[in-house]
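Visitor: If you scroll down you'll find the structure; I have some questions about it.
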């Protein structure tokens, strides 16, 4: 363990700690004793106003707008209702392929796809010569093109023909609106407005509305297309047309699940249709209508799409389509918007931090667009936004996305555990096939749960070594019981899974000579380490799975084998007693890790440990985590920092690091990595990355609130960093039939019951009962207010340059594990101390290699600076410090 990176500071004299890495300057910590404002320059060694959606309230935090007609993949929005989705390009409808490569396991070109939950095919991949399950893409259903003579408005239109462009995604009602002026090469201009939705009220319905206002007269054509160009891993089974309705049938490759897409086109009363044209071939069908236009007149069209993935013929999809068309756009939109309004009753509000607010709403929109109640399908790392990760189910679901859903929408969260209940028979067969007992859920899973059919990761063999997934599944089951108190569910659904997971671990362990137990040949969450023994997160999760299964048995009157608890009590948990740090696995020393692993012991596992061990473990692993790794890691760092309450404001540093480097305009979607090109070690990143969004949201729902679930109540231990001084409100949370809010302020936090019987809150001082008449008021912890002589700690800091995730605030957050780094070979850091103070020392600490040059300046007024050294004798009055 490197003392310079992990030892706790015995005093507050160090001012700037920096770490040189990859030829860059990393400033870890800035401390100024006495007072002032600091400026510094350091050189490293050479080396628009949102448009309101139709009949739907918008505003900041609810609407995201693009005024740039840019077909880059990251600028595509998507709509979804939890069963059906469609990625939509800037054109406002239709199919587009941008061509960048996706990552593991498909490594195929990115495209704007349409997906349905749980629909898989069999596909070959670069990862393996054996074809395995991958999500299928159905034909694109949003296409509604406009034709004028030889010219066509489509996603392939030249940007030179587009002006007055604006595209707005309204999260409040799940509506994408695109408006623009299309001017043909011969000078004819037409105003176009598209609206696209995936109906939240009827999951089998999508709809597109077009308003066109030509500034010319003559014949025009509108084309409704179901576009087979967007289909992937499906084969045609028949297509056709009947009056205003077209349909396409398909069957998934290698699996043979049949489905269909149907579309019914409606023309508004002002469009006098003169002729209809139909074409159907393979996976594509078209219905074109001809009509005359006059300048300044507006013509409306709407297409209503029906999708079914359960029947052999197209009749059900056609019925969904025609029923929606009969209801009309207004009625479809009204019920759709009402369903979204109900979902948004559960919300997180952050005052004064618009970027965080945008990210919270956008990530929750993406998650709610990818899963819905009443279907036993889970959610993949990219949800229904793309085929990244082949639409497979990982541990991402149970540990990163599920906890927020469980609090906000337990009826939707039920899908995730129902999926594991449904695939339990396959998991039992998997265990038998690999020579184990109980059940074995595959590392990547699709519709079968079969390890050989669904799992892609065989080199290294994560399909067999990422064993912690078994405990992650058990964790989700137990959390559902704590959140609902539903013993009937526990008996019929939860217990069989918990029992099977416990049986797996009881057979998987080996006995050591000293009577302890070990688990060999595993890979923990850190995917850079494989084939290790006694992975700390794996073993702790296994112990807890055995303990929870024993408790579940007691609750339903069953008898658990005594050996389960014996193993749980004697599983080896690697720990360095001299430094009080949990070691990632037996023999781990100092290697770079891909993502959160040992830090997961504190949260979500709640493994028993001292505050010192929790702090030391966090501070040890945070700087050893690959900055090119996936987005969710710093979210757990933030939650752990909030729980330990180490003096300073590192919680906010980690919070910002968990989202800002990954946030992408214009729709506040998250990329999996800071660099959109990925790295040689990680490959191209997933987009949109729901796993990272789930972790980020947990910082608010579990981190700042200190919320933890118990069978007899909830734990609340709130804290707030100074950068969130305007407060955070987490609304409409659920626990065992109660609905409640938690409002965190800079001094106090209030827990208010909205609905249900009084319930118990376990606070640090004592247990409290919260009722509708008597909300609970608790003191908000403020680690930043812990007394210190370091007057720079948690003060506002800015820099001329910042590497993504290595922000200026990290230099003064009071924690040695975080760092500022200029995004280049040189940069300056400025700290405002708030008022003039007598400064006695400015100490700089570098994380590895000191910069080749360093100059320090102080100022009383922030305008006139004088150079100084680290020792100020006699003391100097200053308010601003620059380095």
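Residue numbers (the UniProt record's numbering): 1 to 883.
Each residue gets a CB set at the ideal place from its N, CA and C atoms; glycine is no exception.
1) According to the neighbour-count rule (16 or more other Cβ atoms, all chains shown, within 10 Å of its Cβ), is residue 42 buried or exposed?
2) With a threshold of 8 Å, are at least 3 pairs of Cβ atoms found where one atom belongs to the segment 258-273 and the other to the segment 145-153?
3) When the distance is taken between beta carbons, is residue 114 closer than 8 Å to residue 140?
4) Quick check on residue 404: buried or exposed, where buried means 16 or more other Cβ atoms within 10 Å of its Cβ?
5) Nearest CA to the CA of residue 475: which residue from 587, 451, 495, 106?
6) Look at the alpha carbon of residue 825 and the alpha carbon of residue 705, and state the distance between them as a whole number of angstroms.
7) Note the first and the last residue of the continuous alpha helix (DSSP H) segment covering residue 401.
8) Since residue 390 and residue 252 should fall inside the 8 Å C-beta cutoff, what is the C-beta to C-beta distance between them, to a whole number of angstroms?
9) Three Cβ pairs or more, each shorter than 8 Å: is that satisfied between the segment 119-139 and the segment 215-235?
10) Please give me, in chain order, every unbroken run of the beta strand (DSSP E) with length at least 3 that falls completely inside the segment 332-411.
11) Assuming residue 526 contacts residue 567 under a Cβ cut-off of 8 Å, what Cβ separation, rounded to an integer in Å, is found between them?
12) Measuring alpha carbon to alpha carbon, tell me which residue in 798, 674, 772, 517 is nearest residue 569.
13) Determine the extent of the beta strand (DSSP E) in which residue 290 is found, giving its start and end residues.
14) What residue range does the beta strand (DSSP E) around residue 212 cover?
15) Kindly say whether residue 300, judged by its beta-carbon, lies nearer than 8 Å to any beta-carbon of chain B.
16) Would the segment 621-638 and the segment 689-704 be scored as touching if the rule is three or more Cβ pairs under 8 Å?
17) Under the three-state reduction of DSSP, which class applies to residue 100: helix, strand or coil?
18) Where does residue 639 fall in DSSP's three states?
19) Looking only at its chain, what residues have a beta carbon closer than 7 Å to the beta carbon of residue 95, apart from the 5 residues adjacent to it on each side?
20) Is it buried or exposed, residue 508, if we count other Cβ atoms within 10 angstroms and call 16 or more buried?
21) Taking the beta carbon of residue 434 as the centre, do at least 16 other beta carbons fall within 10 Å, making it buried, or is it exposed?
22) With the cut-off set at 8 Å, would you say residue 174 and residue 62 are in Cβ contact?
23) Would you check if the distance between the CB atom of residue 460 and the CB atom of residue 523 is smaller than 8 Å?
24) Closest to residue 181 by C-alpha separation, out of 207, 512, 211, would be which residue?
25) Would you give the residue range spanned by the alpha helix (DSSP H) that residue 306 belongs to?
26) Does the distance from the CB of residue 285 to the CB of residue 241 come in under 8 Å?
27) According to DSSP, what are the bridge partners of residue 265?
28) Based on Cα-Cα distance, which residue from 307, 457, 420 lies nearest to residue 440?
29) Can you tell me whether residue 498 is buried or exposed? The criterion is at least 16 other CB atoms within 10 Å of its CB, across all chains shown.
30) What do you get for residue 342, buried or exposed, if any count of 16 or more other CB atoms within 10 angstroms of its CB means buried?
31) Would you kindly check if the distance between the Cβ of residue 369 and the Cβ of residue 645 is under 8 Å?
32) Does residue 888 pass the burial test, meaning 16 or more other C-beta atoms within 10 Å, or should it be called exposed?
33) DSSP three-state call for residue 463: helix, strand or coil?
34) Under 8 Å, do residue 860 and residue 877 count as touching if we go by C-beta distance?
35) Let me check one thing: in DSSP terms, what residues is residue 885 bridge-paired to?
Guide: On the basis of the coordinates in this document:
1) Reading the chain shown from its first residue, position 42 is the one you call residue 42. Model confidence at residue 42 stands at a pLDDT of 34, short of 50, so the residue's coordinates are unreliable and nothing is read from them.
2) no
3) Here residue 140 is taken as the residue at index 140 of the chain shown, counted from 1. Here residue 114 is taken as the residue at index 114 of the chain shown, counted from 1. Yes. Within cutoff.
4) Start at 1 with the first residue of the chain shown, and residue 404 comes out as number 404. Buried, by the Cβ-count rule.
5) On the chain shown, position 475 is the one that residue 475 refers to. That would be 495, whose Cα lies nearest to the Cα of residue 475.
6) Here residue 825 refers to the residue found at position 825 when the chain shown is read from its first residue. Here residue 705 refers to the residue found at position 705 when the chain shown is read from its first residue. So the alpha carbons of these two residues sit roughly 39 Å apart.
7) Counting from one through the chain shown, the residue named residue 401 turns up at place 401. Premise fails: residue 401 is in no alpha helix (DSSP H) and is neither H nor E.
8) Residue 390 sits at position 390 when you count from the first residue of the chain shown. Residue 252 sits at position 252 when you count from the first residue of the chain shown. Not a contact, Cβ separation roughly 13 Å.
9) yes
10) 347-350
11) Walking along the chain shown from the start, residue 526 turns up at place 526. Walking along the chain shown from the start, residue 567 turns up at place 567. Wrong, their Cβ atoms sit about 24 Å apart, outside the cutoff.
12) Sequence index remark: in the chain shown, residue 569 carries index 569 (1-based). Nearest option by C-alpha distance: 517.
13) By 1-based counting over the chain shown, the position of residue 290 is 290. Start and end: 284-293.
14) If you number the chain shown from 1, residue 212 lands on position 212. Residues 205-214.
15) Among the protein chains of the structure shown there is no chain B, as only one such chain exists.
16) yes
17) Sequence index remark: in the chain shown, residue 100 carries index 100 (1-based). Reduced to three states, the DSSP call for residue 100 is strand.
18) Against the chain shown, residue 639 aligns to sequence position 639. DSSP places residue 639 in helix when its eight states are reduced to three.
19) Reading the chain shown from its first residue, position 95 is the one you call residue 95. The answer, listed in chain order, is 112, 140, 143, 155, 227, 229, 230.
20) For the purposes of this step, residue 508 is taken as residue 508 along the chain shown, with counting starting at 1. Answer is buried; the Cβ neighbour count reaches 16.
21) In the chain shown, residue 434 corresponds to position 434, counting from 1. The residue in question, residue 434, is exposed, as its Cβ has fewer than 16 Cβ neighbours within 10 Å.
22) Here residue 174 is taken as the residue at index 174 of the chain shown, counted from 1. Here residue 62 is taken as the residue at index 62 of the chain shown, counted from 1. No; because the gap between Cβ atoms is not below 8 Å, this pair is not in contact.
23) By one-based count along the chain shown, residue 460 stands at place 460. By one-based count along the chain shown, residue 523 stands at place 523. Cβ atoms of residue 460 and residue 523: closer than 8 Å.
24) Working through the chain shown from its first residue, we reach residue 181 at position 181. Among 207, 512, 211, the Cα nearest to that of residue 181 is on 211.
25) As a first step, residue 306 must be located in the chain shown, where it is residue number 306. Taken as a continuous stretch (DSSP letters only), residue 306 belongs to no alpha helix (DSSP H), being part of the beta strand (DSSP E) at 299-308.
26) The residue labelled residue 285 in the question sits at position 285 within the chain shown. The residue labelled residue 241 in the question sits at position 241 within the chain shown. In this structure, residue 241 lies closer than 8 Å to residue 285 by Cβ.
27) As a position in the chain shown, residue 265 is number 265, starting the count at 1. In the DSSP output, where bridge partners are listed per residue, residue 265 has 303.
28) Counting from one through the chain shown, the residue named residue 440 turns up at place 440. Among 307, 457, 420, the Cα nearest to that of residue 440 belongs to 420.
29) Your numbering for residue 498 matches position 498 in the chain shown. It counts as buried.
30) To locate residue 342, count along the chain shown from 1; it is residue 342. Flag for residue 342 reads exposed.
31) Against the chain shown, residue 645 aligns to sequence position 645. Against the chain shown, residue 369 aligns to sequence position 369. Not closer than 8 Å, so no.
32) Given a span of 1 to 883 for the chain in the structure shown, any question on residue 888 remains unanswerable.
33) Counting from 1 along the chain shown, the entry for residue 463 is found at position 463. In the structure shown, residue 463 sits in a helix (DSSP, three-state: H, G or I).
34) Working through the chain shown from its first residue, we reach residue 860 at position 860. Working through the chain shown from its first residue, we reach residue 877 at position 877. Against a cut-off of 8 Å, the Cβ pair of residue 877 and residue 860 comes out as a contact.
35) Since the first residue of the chain shown is 1 and the last is 883, residue 885 is not available in this structure.
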